[in-house]
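Peer 1:
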Amino acid sequence: MKFLSPKIKQFLLLLLKLIVVGGAFYFIKNQLTEKDFNWDIISQTLQKPNAWFLVTILLILTFLNRFLEILKWQNLAKVVKPISIWESTKQVLIGITFGIVTPNGIGEYAGKAWFYDKKHAVKIVFLNAVCNGIQVIFSVTFGLIGTLYINSLHQFIDAKYILLFFGILFAVILVILLVKNIRIKGYSLQTLFKSLKEIPKKIHRKNIVLALFRYLVLIHQYFILYTLFSVEIPYFVLLAVVASIYLLASSLPNFQAVDFALKGSVAIYLFSFFGVDGWIVTLVAALIWLLNLVIPISIGSIFLLIFNPKKD
């Protein structure tokens, strides 16, 4: 890129921004136009006595969901250099905007690395993996608990498959521990463990606490929405179903833009055991998608067009 003139570099940067923003809103538009949502249910629901109280709580949880992610990234980014909450906000939202047009949101890594010097690129990608990894650990842990609990109430997975799964999981963990010194392209699990140890324990502890709170906020967004639509399922059963949905849906490759369709399909199947109308399940999945993804991406797109990264 050194042989390019500053004007050409600026043009290519603007072109990249427009492609990312255009792609993000193209995916969003397709999902909103292809689904025949009956939005009248929302207007009818908002006329209920406690509706706006629940909506207020939902909006607070929506803000907390993204704000906790911003705090998580600010906490981890200080390993490279301290950043403000405002700077962390820009990096997180722009990262999400990059992520929506790539499978499983991998573009988020490039979006955040864009703000740092090339010499820090590998470190930033690793820190983002740590940031997302702890969230995955909570999703898998609570998801397994939720799935086993729902399966005990309404068996949809045969016991032999559950035993097979845990047998394979145990075998994989055992193999990983035994081959941790085997190197692939210069990297090994030993290298990974060493890199994790280089991050101060204080930062790890804060990352774990923030990730746990964010997970709890996320599943309670679902609880508030189902309560808003008068779905009467015991509290812990509802949370177990949501945890199971996240585990089952997240285990499949997907684009963030169609994430709600995948989670919605899994949700319809699991909630059918409890007699919940599939239409309400689909609507809740769409609203979660709008609140947790479309709104942040809309803001991130504005940031992407306005701000240029300041690298150290």
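All you need for this note's numbering is the position in the sequence shown, starting with 1, plus 1.
Backbone N, C-alpha and C fix where the C-beta goes; we use that ideal spot for every residue, glycine too.
These numbers were taken from a predicted model, which means no experiment stands behind them.
(1) CB-CB under 7 Å to Ala52, same chain, minus the five flanking residues each way: which ones, in chain order?
(2) In terms of residue numbering, what span does the alpha helix (DSSP H) encompassing Asn66 cover?
(3) By how many angstroms is the C-alpha of Ile296 removed from the C-alpha of Ala25?
(4) Label Thr283 either buried or exposed according to how many other C-beta atoms from any shown protein chain fall within 10 Å of its C-beta, with 16 as the threshold for buried.
(5) Starting from Ile42, follow the alpha helix (DSSP H) in both directions and report where the run begins and ends.
(6) Do you know offhand how far Ala221's Cα is from Leu69's?
(7) Given a threshold of 16 other Cβ atoms within 10 Å of its Cβ, counted over all protein chains shown, does Thr98 qualify as buried or as exposed?
(8) Find out if the Cβ-Cβ distance for the pair Asn66, Leu219 is shorter than 7 Å.
(9) Would you grab the beta carbon distance between Leu211 and Tyr227 for me? Rounded to a whole angstrom, and I think it's under 8 Å.
(10) Compare the beta carbon distance of Tyr1 and Phe139 with 7 Å and say whether it is the shorter of the two.
(11) Out of Leu179, Thr148, His155, Leu154, which one is the CA nearest neighbour of Phe166?
(12) Does the beta-carbon of Tyr117 have 16 or more other beta-carbons within 10 angstroms, so that it is buried, or is it exposed?
(13) Which whole-angstrom value is the C-beta distance of Ala277 and Leu249, which I expect to be below 8 Å?
(14) Quick one, which of Gly265, Trp290, Phe274, Asn293 has its alpha-carbon nearest Ile281's?
(15) DSSP state of Val295, grouped into three classes?
Peer 2: Reading it off the structure:
(1) Position 51 of the sequence shown holds residue 52. Leaving aside the five residues that flank Ala52 on each side, the residues in its chain whose CB is nearer than 7 Å to its CB run, in chain order, Thr46, Leu229.
(2) Taking the first residue of the sequence shown as position 1, residue 66 is located at position 65. Annotation: the continuous alpha helix (DSSP H) that includes Asn66 extends over 52-78.
(3) Reading the sequence shown from its first residue, position 24 is the one you call residue 25. Reading the sequence shown from its first residue, position 295 is the one you call residue 296. Residue placement at Ala25 is flagged as unreliable, the pLDDT there being 49, under the threshold of 50; a coordinate-derived value is accordingly withheld.
(4) One-based indexing of the sequence shown puts residue 283 at position 282. It is buried - the Cβ of Thr283 has at least 16 other Cβ atoms within 10 Å.
(5) What you label residue 42 is simply residue 41 of the sequence shown in a count that begins at 1. Note, Ile42: alpha helix (DSSP H), 41-46.
(6) What you label residue 221 is simply residue 220 of the sequence shown in a count that begins at 1. What you label residue 69 is simply residue 68 of the sequence shown in a count that begins at 1. Reading off the sequence shown, one finds His at residue 221, where the question assumed Ala. Across the structure, His221 and Leu69 are spaced so that their CA atoms are roughly 14 Å apart.
(7) On the sequence shown, residue 98 is found 97 positions in, with the first residue counted as 1. Counting Cβ neighbours within 10 Å, Thr98 comes out buried, since at least 16 surround it.
(8) Sequence index remark: in the sequence shown, residue 66 carries index 65 (1-based). Sequence index remark: in the sequence shown, residue 219 carries index 218 (1-based). Yes. Within cutoff.
(9) Looking up residue 211 in the sequence shown gives position 210. Looking up residue 227 in the sequence shown gives position 226. Cβ-Cβ separation between Leu211 and Tyr227: approximately 25 Å, too far for a contact (criterion under 8 Å).
(10) Outside the displayed range of the chain (2 to 313) lies residue 1, so it cannot be described from this structure.
(11) Counted from its first residue, the sequence shown places residue 166 at position 165. Closest option to Phe166, Cα to Cα, is Thr148.
(12) Walking along the sequence shown from the start, residue 117 turns up at place 116. Tyr117 sits buried, since 16 or more C-beta atoms from the chains shown fall within 10 Å of its C-beta.
(13) Residue 277 sits at position 276 when you count from the first residue of the sequence shown. Residue 249 sits at position 248 when you count from the first residue of the sequence shown. For the sequence presented, residue 277 should be read as Val rather than Ala. Contact between Val277 and Leu249 fails: their C-beta atoms lie close to 16 Å from each other, not under 8 Å.
(14) Within the sequence shown, the letter at position 280 stands for residue 281. Checking every option, the nearest Cα to that of Ile281 belongs to Gly265.
(15) Taking the first residue of the sequence shown as position 1, residue 295 is located at position 294. Three-state DSSP puts Val295 in a helix.
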